[in-house]
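Protein chains in written order, with our numbering: chain A, 1 to 596; chain B, 597 to 1192.
Working notes, beginning with the structure itself.
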């Protein structure tokens, strides 16, 4: 049976030692009162709930899955009850607007909470996670009446939300959406069509389900510019938010899939279902992007969560499992063999996970803080700069962390040897669950194209230069610290090379647009490493300072050693990817279709 | 529903164009009569059986799994019937010794046949696959009486075999085996203990199951030098090979696992079971190595097979699925969107699979041919050289191809987007099945240590230099062909660097033995790339010659383009790994256990 303990030590290192979030939050009047003690207390409670209530349902959910009968979805044993307690304890409202019953806490808090819930049980956490997305889309684009009806229920967790985008013939290419919306003489619209892959699309955990649906108006222009967004509730609420009549939106079936068995992936049939437009006609994709960006960050957090849980178990196993002697002589001579954590290749596997996880935590929490600045900072310039960073780095967060998360869970399973392949031990579930994160909310190819084409090239590199400026500032600030050169020198070298590389890609893309698609995936990995190298250097600096100040906590020695491991063994991938990018599109485009 | 078509085109390219196996087999009197037409006809029949009889059971096997009740294992619907037909058609006896009823065909034929059966259904193919291992161990180490009793039945496929090595507390570290064997006054031995993870350990497909079991004699020295091998049949045969009384060897339970559901992974309880020693006392691990080396090559073939099947489906999907327009303008303007095979990143994913698969096929078939030379060539020098190459490259074949196979099946699934995560579509099964191959028959860490410590360093690099000599010879032979420089130059550069690197590792290892463990895994990837780069250059040369000779078959253009892709985008990993190795053991060993 796998175990999970919330990693408070490292969370506190990131929040307080590294990001000094209290200082950041102080500059945002809405959050200026949140002190470190309250923050830590909230996280401790969340961690307790995640590890004690939600985690014990992780294997049950995988084993039982959801069941579907006559349009009704039954979630696995315990899911409903845990959700009821989650709602009662007020977790859904954490970072929501007090105007609708929220607690008005920073998004940063939600980020850390989501990490722990995803470690505990990704499939379960998707139910409340999607509600938060619906909340964000409605608060940004809903009419005042829509907000009054839906937001208090979503904030309270009484209702949950979904995103209904995909259809059988289109996922990435939403311009092909066929679901139709026709104005209803009685008000609102009537929607007809079939959506697939709708996570949490039907279940027994909440009183109502709020679908946000992409569809076309009869006169809509073709393609992505003819898509509108509609709110389509399972039960139609009155103005006071009391549920009424059942809407013509039905779950047609649920999918059998590789993982996240506890979450119902639904076919949703709209059969003249009543809906109300959210935002402007034909601008639905824009409105949905609010939700999608939040969801992409959410998916990154899922992989961070899974990787952390898998790592904890791999580490524990590596300390206990006795097998072979260390090549440099017995380390546990009193036992029949040494614990496998003494072997360099087992350490390589563990440290790869650790280095990816801890950098991802620093990176995502920093993004969480920047979302708070973007949303609530009084200074417009500060808001804009934070928005630029969040926009640039959202695809990196999603793509890089989910790819690393799959590798990490795969390695964690490998540490278990044959025992990792056995379902009971729980390791292979982490891999199966982690696999979806590279696909949904935009495949990692889509993330890579979003980064390179939209966020970098279409922007003339403006946002990337801004990020480079931050990193450059950090590098310069280390000039008085010769001990930091082992990190700062390679970081500076990589940064310089990335700027050159980006200009090269831009130039080649003007000759041949296929160069963008050919460079995108390795480019995302390069930028991911730039960000992780920056965070590892920053963490190394904090650790050096603390060690020098005489602090004995092993976390600082561990940080410094992990930073060195990252620079030695993982960062060099960036050079390999740069080399790959420079070979251009030629080798990809040379084959005719029949030659594959 | 996934599809599978035996890749005869590429198999013929490898056998005839590239390896010119007829010429190779001519030099072995036992196989000199086998002409190309007969060889192709056998493979065509095997491919037909694999794709028409065995492949349709692949998803059924995954869905149903094996069931266990009261010591009896029932295999999935159709498994037993397919096995009966397999036996009737004579496939088990293909490359077995005519003295025991075999057809005496080259191991090479078996290699190609096994690729196709593994593409069709890895879980099913493991039942006959393990029998072949038992056959090899008994023919090498059995007494004349054991051979007379067991071999004809194994060759006919009437009985199947297993390897009983692992116990709950030991897999990699077989020195810890606890199962005990005590001489039986009535003859033979009585074995007591519990084995786990015994593939095909119990089933309903054959009349008898022949377990080869590692156990300790009462006076055995501790560790690996105190292990003996025993044959323990499920039913005790008489001297004529007629099954008699049930032996005290029982299946205690079967495992629930990530994949290969159709194969029963058994706990095997030996409760004073009758057994007979195979080979010498305390030399069992040696005897078992015959079987293990064959099994390691077999596992590589499993991953090649799975990767091929997954690739075929990803390619078909990429040609059909319409999504987005090509960045360089519509390619299917009459359709609502372009087929995704036009997009560079989809091509990157497909070509990665193709490049790994085709190089693996060339490499493994060449190893198959070398096994035939090792076993049957009249010239001792030729036999010894072939044996050295097979010994050096067995861990590379197992480790490199199974790692690449996992990546390939993961990419094939990714090409399907969300549809890849859905069980019905069959793609996620390929990933789950492929995952075990990195673990069993020695984890890939064990393979890497076997390669670097035993096959390279303990041998003073002698075998590696022999391989280098072959590659050097090829490079020199290309000097009259300037068009080959794009392949030959980087290959020569890499080869030179690998020789330097190996000397460096050897020198560092004398100071610190942990350097071996720290270098092993990336070193295996480097050597894998050396081999694949060599084969891609050889295949490019063949393709160039054929194109120049005016042959219009697109396979040659495809080969040349894939070789260029491999050199541009995959081979540079070798440099990254070399850099990783040079950072040494320091960053791995710096952390204390509590600092993880």
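Even for Gly, the Cβ is constructed at its ideal location relative to N, Cα and C.
Quantities reported herein were computed from a predicted structural model and do not represent experimental measurements.
Return the residues of the stretch 247-263 of chain A that lie within a Cβ-Cβ distance of less than 7 angstroms from chain B, sorted by chain order.
255, 256, 257 and 258
Have a look at the DSSP bridge pairing and note the partners of residue 862(B).
In the second chain, residue 862(B) corresponds to position 266, counting from 1. For residue 862(B), which the question treats as bridged, DSSP gives the partners 794(B) and 850(B).
Sort out for me which residues DSSP pairs residue 181(A) with in a bridge.
Counting from 1 along the first chain, the entry for residue 181(A) is found at position 181. 191(A), per the DSSP bridge assignment.
Can you check which of these residues, 181(A), 358(A), 266(A) and 26(A), is closest to residue 532(A) by C-alpha distance?
Counted from its first residue, the first chain places residue 532(A) at position 532. Taking only the C-alpha atoms, the option nearest residue 532(A) is 358(A).
Got a sec? Which residues, its chain only, sit under 6 angstroms from residue 905(B) by beta carbon, not counting five neighbours each side?
Taking the first residue of the second chain as position 1, residue 905(B) is located at position 309. Correct list, in chain order: 600 and 715.
How would you call residue 370(A), buried or exposed, if buried means at least 16 neighbouring beta carbons within 10 angstroms?
Here the question's residue 370(A) lines up with position 370 in the first chain. Residue 370(A) comes out buried.
Residues of chain A with CB under 8 angstroms from residue 906(B), in chain order?
Residue mapping note: residue 906(B) aligns to position 310 of the second chain, counting from 1. Correct list: empty, because the minimum Cβ distance to chain A is about 14 angstroms.
Using beta carbons (cut-off 8 angstroms, strictly below), is residue 553(A) in contact with chain B?
Working through the first chain from its first residue, we reach residue 553(A) at position 553. Taking Cβ atoms only, chain B never reaches closer than 8 angstroms to residue 553(A), which makes this a no.
Residue 1045(B) and residue 1116(B): beta carbons closer than 8 angstroms?
As a working mapping, residue 1045(B) is identified with position 449 in the second chain. As a working mapping, residue 1116(B) is identified with position 520 in the second chain. For residue 1045(B) and residue 1116(B), yes; Cβs fall inside 8 angstroms.
Is the shortest distance between the beta-carbon of residue 343(A) and the beta-carbons of chain B less than 8 angstroms?
As a first step, residue 343(A) must be located in the first chain, where it is residue number 343. By the rule that beta-carbons nearer than 8 angstroms mark a contact, residue 343(A) touches chain B.
Taking Cβ-Cβ distances below 9 angstroms as the criterion, which residues of the stretch 114-128 of chain A are in contact with chain B?
Residues of the stretch 114-128 of chain A whose Cβ lies closer than 9 angstroms to any Cβ of chain B: none.
From 1024(B), 1089(B) and 1047(B), pick the residue whose C-alpha is nearest to that of residue 1067(B); which is it?
On the second chain, position 471 is the one that residue 1067(B) refers to. The shortest Cα separation from residue 1067(B) among 1024(B), 1089(B) and 1047(B) belongs to 1089(B).
Would you verify that the beta carbon of residue 1034(B) is, or is not, closer than 8 angstroms to some beta carbon of chain A?
Here residue 1034(B) is taken as the residue at index 438 of the second chain, counted from 1. For residue 1034(B), the answer is yes, since a Cβ of chain A falls inside 8 angstroms of its Cβ.
Out of 509(A), 538(A), 8(A) and 227(A), which has the shortest C-alpha to C-alpha gap to residue 491(A)?
Residue mapping note: residue 491(A) aligns to position 491 of the first chain, counting from 1. Here the closest residue by C-alpha is 538(A).
Taking contact to mean at least 3 C-beta pairs separated by less than 8 angstroms, is the stretch 522-531 of chain A in contact with the stretch 437-454 of chain A?
yes
Rounded to whole angstroms, how far is the Cβ of residue 669(B) from the Cβ of residue 717(B), which I believe are closer than 8 angstroms?
Residue mapping note: residue 669(B) aligns to position 73 of the second chain, counting from 1. Residue mapping note: residue 717(B) aligns to position 121 of the second chain, counting from 1. Wrong, their Cβ atoms sit about 17 angstroms apart, outside the cutoff.
Hey, quick one: how far does the alpha helix (DSSP H) through residue 673(A) stretch, first residue to last?
Outside the displayed range of chain A (1 to 596) lies residue 673(A), so it cannot be described from this structure.
Helix, strand or coil for residue 283(A)? Go by DSSP, reduced to three states.
By 1-based counting over the first chain, the position of residue 283(A) is 283. Of the three classes helix, strand and coil, the one that applies to residue 283(A) here is strand, per DSSP.
In chain B, which residues lie less than 7 angstroms from residue 569(A) when you measure between Cβ atoms?
For the purposes of this step, residue 569(A) is taken as residue 569 along the first chain, with counting starting at 1. Neighbours of residue 569(A) on chain B, chain order: 1176, 1179 and 1183.
Going straight from the alpha carbon of residue 391(A) to that of residue 417(A), what length do you get?
Here residue 391(A) refers to the residue found at position 391 when the first chain is read from its first residue. Here residue 417(A) refers to the residue found at position 417 when the first chain is read from its first residue. If you take the alpha carbons of residue 391(A) and residue 417(A), they lie about 40 angstroms apart.
So, with DSSP's three-state summary, where would you put residue 670(B)?
Position 74 of the second chain, counted from the first residue, corresponds to residue 670(B). If DSSP states are grouped into helix, strand and coil, residue 670(B) belongs with the strands.
What is the DSSP secondary structure of residue 930(B), reduced to helix, strand or coil?
Within the second chain, residue 930(B) is the residue found at index 334, counting from 1. Residue state, collapsed to three classes: coil.
Do you know how far the Cα of residue 730(B) is from the Cα of residue 892(B)?
Indexing the second chain from 1 puts residue 892(B) at position 296. Indexing the second chain from 1 puts residue 730(B) at position 134. Between the C-alpha atoms of residue 892(B) and residue 730(B) there is a straight-line separation of about 13 angstroms.
Along the chain, where does the alpha helix (DSSP H) containing residue 466(A) start, and where does it finish?
On the first chain, residue 466(A) is found 466 positions in, with the first residue counted as 1. First-last of the alpha helix (DSSP H) with residue 466(A): 462-477.
Going by alpha carbons, who is nearest to residue 1140(B) out of 1153(B), 1026(B) and 1130(B)?
Working through the second chain from its first residue, we reach residue 1140(B) at position 544. Residue 1140(B) has its Cα closest to that of 1153(B), out of 1153(B), 1026(B) and 1130(B).
Can at least three beta-carbon pairs, one atom from the stretch 925-935 of chain B and one from the stretch 1068-1086 of chain B, be found at a separation below 8 angstroms?
no
Note down, one range per segment and in chain order, each alpha helix (DSSP H) of at least 4 residues found wholly within the stretch 347-435 of chain A.
For the stretch 347-435 of chain A, the full-length alpha helix (DSSP H) segments reaching 4 residues or more read 380-415 along the chain.
Nearest to residue 422(A) by CA position, among 793(B), 910(B), 835(B) and 947(B), is which residue?
Position 422 of the first chain holds residue 422(A). Nearest C-alpha to residue 422(A): 793(B).
With distances taken Cα to Cα, identify the nearest neighbour of residue 155(A) among 181(A), 187(A) and 94(A).
Here residue 155(A) is taken as the residue at index 155 of the first chain, counted from 1. Of the candidates 181(A), 187(A) and 94(A), the one whose C-alpha sits nearest the C-alpha of residue 155(A) is 94(A).
Mind pulling the chain B residues with CB within less than 9 angstroms of residue 518(A)?
Here residue 518(A) refers to the residue found at position 518 when the first chain is read from its first residue. Within 9 angstroms Cβ-Cβ: 940, 941, 943 and 944.
What residues from the stretch 350-361 of chain A come within 7 angstroms of chain B, judged by C-beta to C-beta, listed N to C?
Here the close residues are 350, 351 and 354.
If you draw a straight line from the C-alpha of residue 210(A) to the C-alpha of residue 162(A), how long is it?
Walking along the first chain from the start, residue 210(A) turns up at place 210. Walking along the first chain from the start, residue 162(A) turns up at place 162. Computed Cα separation, rounded: 6 angstroms.
Residue 230(A) by DSSP, collapsed to three states: which one?
Within the first chain, the letter at position 230 stands for residue 230(A). In this structure, residue 230(A) counts as strand in the three-state DSSP scheme.
With a cut-off of 8 angstroms on the beta carbons, I'd call residue 394(A) and residue 293(A) a contact; round off their distance for me.
As a first step, residue 394(A) is located in the first chain; it is residue number 394 there, counting from the start. As a first step, residue 293(A) is located in the first chain; it is residue number 293 there, counting from the start. Indeed they touch by this definition, with Cβ atoms about 5 angstroms apart.
What do you reckon, are the CB atoms on residue 206(A) and residue 276(A) nearer than 8 angstroms?
In the first chain, the residue the question calls residue 206(A) occupies position 206. In the first chain, the residue the question calls residue 276(A) occupies position 276. Result no, Cβ atoms of residue 206(A) and residue 276(A) do not sit closer than 8 angstroms.
For the putative contact between residue 1164(B) and residue 583(A), defined by C-beta atoms under 8 angstroms, what is the C-beta separation to the nearest angstrom?
For this step, residue 1164(B) is matched to residue 568 along the second chain. For this step, residue 583(A) is matched to residue 583 along the first chain. Indeed, because the Cβ distance is near 4 angstroms, the residues count as touching under 8 angstroms.
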